[in-house]
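Residue numbers (this note's numbering): -2 to 379. Built from N, CA and C at the ideal position, the CB exists for glycine as well.
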Amino acid sequence: MEGTVISLDQAPRISSVETSILDVPFVRLQQFARFESRAQSTVLIRIRTECDHEGIGEVVTPCGPWWSGDSVEAVKSTIDLYFVSELIGANPLQSGDILGRLDKVARGNAFSKAGIEMALLDLAGKIHQMPVHDLLGGKVRNALPIAWPIASGNLEQDVAEMKKMVQQGLTSSFKVKMGMMPIADDLARVEKLCDAARELGGAVRVDPNEAWGEVETRRALPFLAGLGVEMVEQPLARWNLKGMARLNTSSTVTLMLDESICTSQEMLEAATLGSGSMVSLKLMKSGGLRRSQAIAHVAEAAGISLYMGTFLETSVGTAANLHLAASLQSLPLGGETIGPLLMADDIVTCPISFKDGCAHLPEGVGLGVTLDEDKVRAFTRQ
């Protein structure tokens, strides 16, 4: 696809920024180690220029502020009260400069900045008539293998869900959420789920979401290895990189870092310590696509594999995740960009395509998705 060459001086300026909170129901209960939810809330961001170009982005916190302290209500307020004034009149093609200015306005706030950068890159892609992955250096894949989260908390329902995923050809890889119950009960539950997955020709990964200590994790890892579990995500508290390194030296199961790694500096420290052999990339926690890409580059330089995580975004954020994944080399286990499948509805006219065990990169300029205005109105919080 040929892009239109536009100089920085000729680029239209940002004329308006609009934010709204949407509440989109899940198809079933979603459980984490310390929280559960039946709906996903997202901040929809629309950035327009004086020439009527529009870029869209979204900010999703994982069912509330428990993960990072960010909430959709706080994100919307931060953008409206502190970031909009920096955006109005700015050149949308200079998103790096804009993010630098936002860093000076507010420390942290990675989720808010990720949503703004997403909208700016969508806008830049539309102005240049090219997809976002071309703005990230080009693509090496059109699809990403996915794992389905097992997180209802009901064993029979979980097994039925696994069978349905395999029968529909959506995936045979499953990521079991752990940490909601005593570890002995949790391990017994995972054993049953591994048996079910094996009968289906599938594979299991697990995620305790920081719920375990080092001693119990050391005891659990050989048991999980014996079950054929292919990866354990962030069993220890996010601050405990040295503990993760001690576990990693003897673990025969791949240990993946998630909550521990939100910046390239944290990635460098983890790589130096040897705290894991895989890292989960998430746009929200790292402040956007390019900062996530920076983490990926540090990890790859250290020989650490990548994984495309999710905070259960709609097709808007999922498209952004897929554009990032398209630009990355080392994704041996794919990822979990399955948000649209877990939601009862979506907010775009053509949701992300899932088939043959993969999420497929949308085609078109920018993110490649278009808002369904009726759905946006229906889910907007009043």
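Could you tell me the alpha carbon to alpha carbon distance between residue i and residue j, rounded to whole angstroms?
i, j, result
"PRO432", "GLN37", "The first residue shown for the chain is -2 and the last is 379, placing residue 432 beyond what the model contains."
"VAL56", "LEU41", "7 Å"
"SER17", "ALA116", "14 Å"
"PRO348", "VAL366", "8 Å"
"GLU207", "SER272", "14 Å"
"TRP209", "ALA267", "19 Å"
"GLU51", "ASP192", "49 Å"
"MET175", "ARG45", "42 Å"
"ALA140", "ALA323", "7 Å"
"THR269", "GLY300", "11 Å"
"GLY0", "VAL81", "Residue placement at GLY0 is flagged as unreliable, the pLDDT there being 47, under the threshold of 50; the coordinate-derived value follows with that caveat. Going from the Cα of GLY0 to the Cα of VAL81 covers about 28 Å."
"ARG138", "GLY93", "25 Å"
"SER170", "LYS161", "12 Å"
"PHE23", "GLN7", "43 Å"
"GLU360", "ALA185", "43 Å"
Between which two residues does the alpha helix (DSSP H) containing residue i stretch?
i, result
"LEU278", "Segment 275 to 278 is the beta strand (DSSP E) holding LEU278; no alpha helix (DSSP H) there."
"MET340", "MET340 -> no alpha helix (DSSP H), and no H or E assigned at all."
"LEU297", "For the sequence presented, residue 297 should be read as Glu rather than Leu. Segment 286 to 298, the alpha helix (DSSP H) holding GLU297."
"ASP100", "92 to 102"
"GLU222", "Residue identity check: residue 222 is Ala in the sequence provided, not Glu. Element bounds for ALA222: 211 to 223."
"GLU70", "69 to 75"
"GLY112", "107 to 125"
"LEU252", "It is not in any alpha helix (DSSP H) - LEU252 instead sits in the beta strand (DSSP E) that spans 251 to 254."
Helix or strand or just coil, what does DSSP make of residue i?
i, result
"LEU319", "helix"
"MET162", "helix"
"LEU265", "helix"
"CYS355", "strand"
"MET175", "coil"
"SER149", "coil"
"SER312", "helix"
"GLY363", "strand"
"ARG10", "coil"
Among the candidates the options, whose CA atom is the shortest distance from the CA of residue i?
i, options, result
"MET177", "ASP119, PRO232, ARG216", "PRO232"
"SER13", "ARG43, VAL24, LEU265", "ARG43"
"GLY225", "LEU244, GLU213, VAL201, ARG243", "VAL201"
"SER257", "ARG235, VAL276, THR269", "ARG235"
"SER274", "ALA242, ILE147, SER283, PRO62", "ALA242"
"ALA107", "GLN126, MET127, LEU133, VAL69", "VAL69"
"MET49", "PRO59, ASP369, PRO9, LEU84", "First, the amino acid is wrong: residue 49 is Asp here, not Met. Residue PRO9 is the option with its Cα nearest to ASP49."
"GLN262", "LEU99, THR75, ARG288", "ARG288"
"TRP145", "MET340, HIS125, VAL102, VAL276", "MET340"
"SER283", "ASP67, THR214, THR39, ARG35", "ASP67"
"MET159", "GLY199, ILE180, LYS123", "GLY199"
Starting from residue i and walking both ways along the beta strand (DSSP E), at which residues does that stretch end?
i, result
"ARG202", "200 to 204"
"ALA140", "140 to 142"
"SER82", "Counting along the chain, SER82 falls outside any beta strand (DSSP E), though it belongs to the alpha helix (DSSP H) covering 81 to 84."
"VAL56", "51 to 57"
* For the stretch 291 to 298 and the stretch 309 to 319, state whether three or more C-beta atom pairs, one from each stretch, are separated by less than 8 Å. => No: the two stretches stay apart, fewer than three of their Cβ pairs being nearer than 8 Å.
* Are the stretch 74 to 92 and the stretch 321 to 336 touching by the rule of at least three beta carbon pairs closer than 8 Å? -> no
* At least three beta-carbon pairs within less than 8 Å, the stretch 334 to 341 to the stretch 303 to 311 -> yes
* Would you check if the stretch 245 to 256 and the stretch 210 to 222 touch, i.e. whether three or more CB-CB distances between them fall below 8 Å? => The count of Cβ pairs closer than 8 Å, one atom from the stretch 210 to 222 and one from the stretch 245 to 256, reaches three, so the stretches are in contact.
* To do: Specify whether the stretch 145 to 152 and the stretch 103 to 119 touch according to this definition: at least 3 beta carbon pairs, one from each stretch, less than 8 Å apart.
  => no
* Would you be able to state if there are at least three C-beta pairs under 8 Å between the stretch 351 to 358 and the stretch 155 to 170? => Flag = yes, the stretch 155 to 170 and the stretch 351 to 358 touch.
* Asked: Can at least three beta-carbon pairs, one atom from the stretch 117 to 136 and one from the stretch 359 to 378, be found at a separation below 8 Å?
  -> yes
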